[in-house]
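With numbering that gives the first Met the number 0, letter number 117 in the sequence shown gets 116, and the count goes up by one each step, no holes.
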Amino acid sequence: MSRPASPKSKAGLVLLKGETSKAPGTVWLVGAGPGDPDLLTIKALRVLGTADVVVHDGLVSSDILDLAPAAAQLISAAKRKSRHTYAQAEINAMLVAFALEGLTVVRLKGGDPFIFGRGGEELEACRAAGVVCHIVPGVTAALAASASAGAPLTHRTTAQAVTFVTGHAARDQEPDLDWAALARANHTVVIYMGLSAAAQIAGRLLGAGRAASTPALIVVDASRSSEQRITTTLGNLAMTASTLTGPALLMVGEAMALAGRDEVDRVPVLDNLIAGVGA
Ligand SMILES: C[S@@+](CC[C@H](N)C(=O)[O-])C[C@H]1O[C@@H](n2cnc3c(N)ncnc32)[C@H](O)[C@@H]1O
Numbered sequence: 000m001s002r003p004a005s006p007k008s009k010a011g012l013v014l015l016k017g018e019t020s021k022a023p024g025t026v027w028l029v030g031a032g033p034g035d036p037d038l039l040t041i042k043a044l045r046v047l048g049t050a051d052v053v054v055h056d057g058l059v060s061s062d063i064l065d066l067a068p069a070a071a072q073l074i075s076a077a078k079r080k081s082r083h084t085y086a087q088a089e090i091n092a093m094l095v096a097f098a099l100e101g102l103t104v105v106r107l108k109g110g111d112p113f114i115f116g117r118g119g120e121e122l123e124a125c126r127a128a129g130v131v132c133h134i135v136p137g138v139t140a141a142l143a144a145s146a147s148a149g150a151p152l153t154h155r156t157t158a159q160a161v162t163f164v165t166g167h168a169a170r171d172q173e174p175d176l177d178w179a180a181l182a183r184a185n186h187t188v189v190i191y192m193g194l195s196a197a198a199q200i201a202g203r204l205l206g207a208g209r210a211a212s213t214p215a216l217i218v219v220d221a222s223r224s225s226e227q228r229i230t231t232t233l234g235n236l237a238m239t240a241s242t243l244t245g246p247a248l249l250m251v252g253e254a255m256a257l258a259g260r261d262e263v264d265r266v267p268v269l270d271n272l273i274a275g276v277g278a
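Here it is in structure tokens:
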């Protein structure tokens, strides 16, 4: 798909020229879901269709980016551990600058913008600049992983609570978590960004008293055609994780014993949906 040239330099020009004559535009923080375009919400699809500029994460699939208007500028703000294309402050400034230029800015983020997505920081930057910012929730990766594995996050008997935690805190520090609470039985713990810290996390949970036999599930690339689901136990979590790469969730809890090996139904329905929305 051909796109207008060099959005990056356009952002630079905006900042240098400081244009303020146009009515301010709006920033939309939109959750793109876990990858499968069929898991995009109808609202996300509608808002994406209005974008002048789309600033997207690395985890947003190309199938979803293809749904942006052909005239929209696409800017990758992909961030990888220790290899940031843009620092968060630069992304915040870019969103504000485009909006002040009068553009409709869609900040497209993997999963949900407010689940380990730094959506809160971008919202604060917009508010501080007086830019209107709306949030469109998305299907967070844990929901897709649990659904495709057939492993419920809550269950009346074996999972009376679910907690989402990060394995990767700011400035590479260990996350400040209540390990005793996370080690309680009949409680599902979902760890985002946990692959490289799996040994440390498993050690903390075991040390706080969670049984080594507790069922665990790792889902890589949830909802994508490349999805992998690996069932294991808390005791073997670190060893299993060490063999894997890619965006992955570690899920620990008694209800993970329900994870099946069934093939997931991936009948694409998006084309029909788009026809319906456009009608
Ligand atoms: C910066 S967080 C963003 C989470 C996102 N906002 C969400 O709600 O899903 C990135 C982490 O989310 C998890 N993740 C995102 N998409 C995933 C997917 N399709 N499959 C498995 N894990 C995923 C991985 O743990 C990844 O390292």
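Where a beta carbon is used, it is the ideal one built from N, C-alpha and C, also for glycine.
Which residues mark the beginning and the end of the alpha helix (DSSP H) in which residue i is found?
{"i": "Leu181", "result": "Trp178 to Leu181"}
{"i": "Leu47", "result": "Ile41 to Leu47"}
{"i": "Leu38", "result": "Looking at the DSSP string, Leu38 is not in any alpha helix (DSSP H), and its letter there is neither H nor E."}
So, with DSSP's three-state summary, where would you put residue i?
{"i": "Gly259", "result": "coil"}
{"i": "Glu173", "result": "coil"}
{"i": "Ser75", "result": "strand"}
{"i": "Ala158", "result": "strand"}
{"i": "Thr213", "result": "coil"}
{"i": "Thr165", "result": "strand"}
How big is the Cα-Cα spacing for residue i and residue j?
{"i": "Gly34", "j": "Asp220", "result": "8 Å"}
{"i": "Glu120", "j": "Ser224", "result": "32 Å"}
{"i": "Pro214", "j": "Thr157", "result": "11 Å"}
{"i": "Gly245", "j": "Arg126", "result": "34 Å"}
{"i": "Asn91", "j": "Ser212", "result": "44 Å"}
{"i": "Ala240", "j": "Ile217", "result": "8 Å"}
{"i": "Val104", "j": "Gly24", "result": "7 Å"}
{"i": "Trp27", "j": "Val59", "result": "15 Å"}
{"i": "Ala67", "j": "Glu100", "result": "20 Å"}
{"i": "Gly259", "j": "Ala237", "result": "21 Å"}
{"i": "Gln199", "j": "Thr231", "result": "17 Å"}
{"i": "Gln72", "j": "Asp56", "result": "14 Å"}
{"i": "Gly202", "j": "Gln87", "result": "31 Å"}
{"i": "Gly234", "j": "Ala210", "result": "8 Å"}
{"i": "Ala148", "j": "Ala247", "result": "13 Å"}
{"i": "Arg228", "j": "Phe97", "result": "40 Å"}
{"i": "Leu39", "j": "Ile134", "result": "14 Å"}
{"i": "Glu173", "j": "Gly206", "result": "16 Å"}
{"i": "Ala143", "j": "Gly110", "result": "9 Å"}
May I ask which residues mark the beginning and end of the beta strand (DSSP E) holding residue i?
{"i": "Val95", "result": "Careful: Val95 lies outside any beta strand (DSSP E), inside the alpha helix (DSSP H) at Gln87 to Leu99."}
{"i": "Gly30", "result": "Thr25 to Gly30"}
{"i": "Thr187", "result": "Thr187 to Tyr191"}
{"i": "Ala247", "result": "Ala247 to Val251"}
{"i": "Thr231", "result": "Gln227 to Thr232"}
{"i": "Val281", "result": "Missing from the structure shown is residue 281; the chain here goes from 0 to 278 and no further."}
Do residue i and residue j have their C-beta atoms within less than 7 Å of each other?
{"i": "His167", "j": "Met192", "result": "yes"}
{"i": "Val52", "j": "Leu102", "result": "yes"}
{"i": "Phe115", "j": "Thr165", "result": "yes"}
{"i": "Ile190", "j": "Leu249", "result": "yes"}
Quiz item: What are the start and end residues of each continuous alpha helix (DSSP H) run of 4 or more residues lying completely inside the segment 102-131, in chain order?
Solution: Complete alpha helix (DSSP H) runs here, min 4: 118-128.
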